[in-house]
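So the structure is just underneath, and the comments pick up after that.
There are 2 protein chains.
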Amino acid sequence: MRLVIDAVIVSVADETPRVLTVAGAPRLPSGTFVPERDRTLELAARRLITEQTGLRVGYLEQLYTFGDRFRDPREVEGGPRLVSVGYLVLVGVDAAAAAPAGVAWRDWYGFFPWEDLRDQPAPAHDAVLAFVDAPAVDPTLRRRARLVFGLTDADWNNEAVLERYELLYELGGVAEAPHTAASFGDSMERDHRRIVATAIGRLRGKIKYRPIVFELLPPAFTLSDLQGTVESLAGVRLHGPNFRRLVEETGIVEETGERRPTSGRPAKVYRFRPEVLAERPDPGIGIRGRP
Amino acid sequence: MRLVIDAVIVSVADETPRVLTVAGAPRLPSGTFVPERDRTLELAARRLITEQTGLRVGYLEQLYTFGDRFRDPREVEGGPRLVSVGYLVLVGVDAAAAAPAGVAWRDWYGFFPWEDLRDQPAPAHDAVLAFVDAPAVDPTLRRRARLVFGLTDADWNNEAVLERYELLYELGGVAEAPHTAASFGDSMERDHRRIVATAIGRLRGKIKYRPIVFELLPPAFTLSDLQGTVESLAGVRLHGPNFRRLVEETGIVEETGERRPTSGRPAKVYRFRPEVLAERPDPGIGIRGRP
DNA sequence: ACAAAAGTGTTTCGACTACACCCATGG
DNA sequence: CCATGGGTGTAGTCGAAACACTTTTGT
């Protein structure tokens, strides 16, 4: 049995969340865990990232451990088993620019087109809706689908990325499914797309109560930058004026005193205010999607 | 390297949440993962529970993977490494009664006395507060402690069980810490207490948006039973009249039509209503706190 | 001037809280 | 009839959503 670590390395540029993939068929950077070398799994993950990408890690957290047999379709009966621990890693824009050869940043919505609801209408989203809500699908699955894809009066829950992916997988809507009826989004090797789905869901949730967006932003930013980054991750548009107020009230940022020119009125420049960590237990960016 | 599974098996009786421990120095039921035998980690966990305890599993979820070297203090330099995947398992009261020999149910507040805030005053809680908030402790740690133990104007967050345990560990407040200055709560073997802390935090959080409390209750129960169970897990008292309304509004339960005698007015008997799962995306029991 | 983006003020709305009180039973 | 727990009604509170509006720049 081999224990490997798979890293979902995320960065945001131009309001586009991106995942680092290694060249060829898209797959996540990964490496075997060698107990003799690393004292902890987290250190092993850090080493893996440094050695394979040279990137400076901003934030790192364990996601889940995936141990199903035949995760890798090439795995043969009686062959060695692969268990992998997934990690979510955030990298700042500046650091991300220094990506080495052999790896590529890919828009995460390339893998999950239906997760981007920022622009209405959203054809990629609607196509998936039509697929999962088709009259022909099994009633039980269809009801679950309508729920988790926000087709009932309950609204869209942007954190349920994994649930939606798994439903789509069950319905044969992704190329890696056993019986494929359609293929939405780009595929990845093995079960890496599932790991990325887990990462997106976790990140979307965590933003709300931990100040981790700032790991993805430069040290100085405008509230529009912040809003754009949050929107890109959340896959939803937010109400500008209210967003600014909510953020300012939490004390999670402070003005630098500078201003940055725009095509309209110049914007105040802000920086993250680390003191919040000592003031409030769960400092984050509250987000509620707009209809 | 050995991959093992550790199970935190939880059940509630008499408004006391209990964890299944194997006899001797308290430790969690655990077993080595044998890839040839089990197709998935989850199946391995189920097998482990069945073989070691014979209990009927109500709900099961993966918690976290713990891979630090010297998790086991007996581990020797250069010796085999132990990586373990923690699982949270819920068992109903009725099923729990059939616990076999060699294992024992232990009140989880025996391991985390400071987590029970149901009765005021709470001496066990206050003792820990005095310890972590002592003038002598390092200012940075102390500020973190004041936050996470609810001593600032921010209130107690009942989900932050692991954070509190780790802080206490750092301050030498638990027997298993490297430099012990005090010993709050019963200790467990290896890092099992950390795993239980993770489980409690996860369970306290999950109750709010998944109907998993019902895995711990008998099929028919009164709203007081439900409230008492939730309170015992959450470690906090809830406002009765409001609790009942909130629960009824969600449609998560329905009346059976029966009544149960009490020392006062007889109580209506309810059952879980599985249809909620098809109606609302995140059906749970709202407890005052975060989403 | 006017387009474009930043930023402010005010009202509305709804979820939860708190408090006061009534109900049904056993002793 | 009164103690005990079950159960209901209703006003207050607070945070966030919605909407209308002003400010500051570039062209």
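Heads up: the protein sequence lines correspond to chains A and G, in order.
Under our numbering, the first residue of the first sequence carries the number 3, and numbering increases by one thereafter.
Under our numbering, the first residue of the second sequence carries the number 3, and numbering increases by one thereafter.
Where a beta carbon is used, it is the ideal one built from N, C-alpha and C, also for glycine.
Keep in mind the model is a prediction, meaning the values are calculated, not measured.
Contact list for residue i against chain G, beta-carbon separation under 7 Å
i	result
Tyr66/A	Gln64
Gly56/A	Neighbours of Gly56/A on chain G: none; closest Cβ ~24 Å, over 7 Å.
Asp227/A	By Cβ distance, chain G contributes nothing, its closest Cβ being about 25 Å from Asp227/A, past 7 Å.
Ala156/A	Arg282, Pro283
Buried/exposed call for residue i, threshold 16 Cβ in 10 Å
i	result
Glu251/A	exposed
Pro125/A	exposed
Thr264/G	exposed
Pro220/A	exposed
Gln303/A	This structure gives no information on residue 303/A, because the portion of chain A shown stretches from 3 to 293.
Ser185/A	exposed
Arg261/A	exposed
Asn160/A	buried
Val14/A	buried
Pro283/A	buried
Leu143/A	exposed
Asp227/G	buried
Gly259/A	exposed
Gly230/A	buried
Arg206/G	buried
Pro243/G	exposed
Gly253/G	exposed
Arg20/A	buried
Chain-order list of residues whose beta-carbon lies under 8 Å from that of residue i (same chain, five-residue window excluded)
i	result
Arg292/A	At Arg292/A, the pLDDT of 47 sits below 50, so the modelled position is not reliable; the number obtained from the coordinates is stated separately. Answer for Arg292/A: Val238, Arg239, Leu240, His241, listed in chain order.
Val105/A	Leu22, Thr23, Val24, Ala25, Pro31, Gln54, Thr55
Leu153/A	Leu131, Asp135, Ala147
Arg120/G	Glu233, Ser234, Gly237, Val238, Arg239
Pro268/A	Arg261, Arg262
Ala46/A	Ile7, Gly33, Phe35, Val36, Arg39, Asp40
Leu5/A	Thr34, Phe35, Val85, Ser86, Val87
Leu248/G	Ile287, Gly288
Interface residues of chain A facing residue i [CB-CB closer than 8 Å]
i	result
Asn159/G	Pro283, Asp284
Val150/G	Pro283
Arg145/G	Ala280
Own chain, CB closer than 7 Å to residue i, minus 5 neighbours either side, in chain order
i	result
Met3/A	Pro82, Arg83, Val85
Glu256/G	Tyr272, Arg273, Arg275
Phe113/A	Gly187, Asp188, Met190, Arg195, Val198
Val150/G	Ala162, Glu165, Arg166, Leu169
Gly69/A	Val85
Ala27/G	Glu191
Proximal residues of chain G, C-beta to C-beta of residue i below 9 Å
i	result
Val14/A	The premise fails here: Val14/A is roughly 24 Å from chain G at the closest Cβ pair, so nothing lies under 9 Å.
Arg206/A	Correct list: empty, because the minimum Cβ distance to chain G is about 12 Å.
Closer than 8 Å at the beta carbon, the chain G residues around residue i
i	result
Gly203/A	The premise fails here: Gly203/A is roughly 13 Å from chain G at the closest Cβ pair, so nothing lies under 8 Å.
Cross-chain neighbours of residue i in chain A, by beta carbon under 7 Å
i	result
Leu5/G	Met3, Leu5, Val85
Residues that residue i contacts on chain A, provided the C-beta gap is smaller than 9 Å
i	result
Arg71/G	Pro37, Asp40, Arg41, Thr42
Chain-order list of residues whose beta-carbon lies under 6 Å from that of residue i (same chain, five-residue window excluded)
i	result
Pro37/G	none
Tyr61/A	Leu92, Ile214, Glu217
Pro115/G	Ala126, Gly187
Gly203/G	Glu161, Val163, Leu164
query: Can you list, in chain order, the residues of the stretch 39-53 of chain A whose Cβ is nearer than 7 Å to any Cβ on chain G?
result: Arg41, Thr42, Leu43
- prompt: Relative to chain G, which residues along the stretch 260-285 of chain A have a C-beta separation below 7 Å, given in chain order?
  reply: Ala280, Arg282, Pro283, Asp284
message: Three Cβ pairs or more, each shorter than 8 Å: is that satisfied between the stretch 202-222 of chain A and the stretch 267-278 of chain A?
response: yes
message: Using a Cβ distance threshold of 8 Å, determine whether the stretch 41-53 of chain A contacts the stretch 174-187 of chain A, with at least three qualifying pairs required.
response: no
- prompt: Counting Cβ pairs, one atom from each stretch, are 3 or more of them under 8 Å apart for the stretch 127-143 of chain G and the stretch 87-95 of chain G?
  reply: no
- prompt: Would you call the stretch 29-38 of chain A and the stretch 5-19 of chain A touching, i.e. three or more CB-CB distances under 8 Å?
  reply: yes
task: Report the residues of the stretch 13-37 of chain G with a CB closer than 7 Å to any CB of chain A, ordered along the chain.
output: Pro37
- prompt: Quick one, which residues of the stretch 81-103 of chain A are near chain G if we go by CB-CB under 7 Å, in chain order?
  reply: Arg83, Val85, Val87
- prompt: Along the stretch 234-260 of chain G, what residues have a CB closer than 8 Å to any CB found in chain A?
  reply: none
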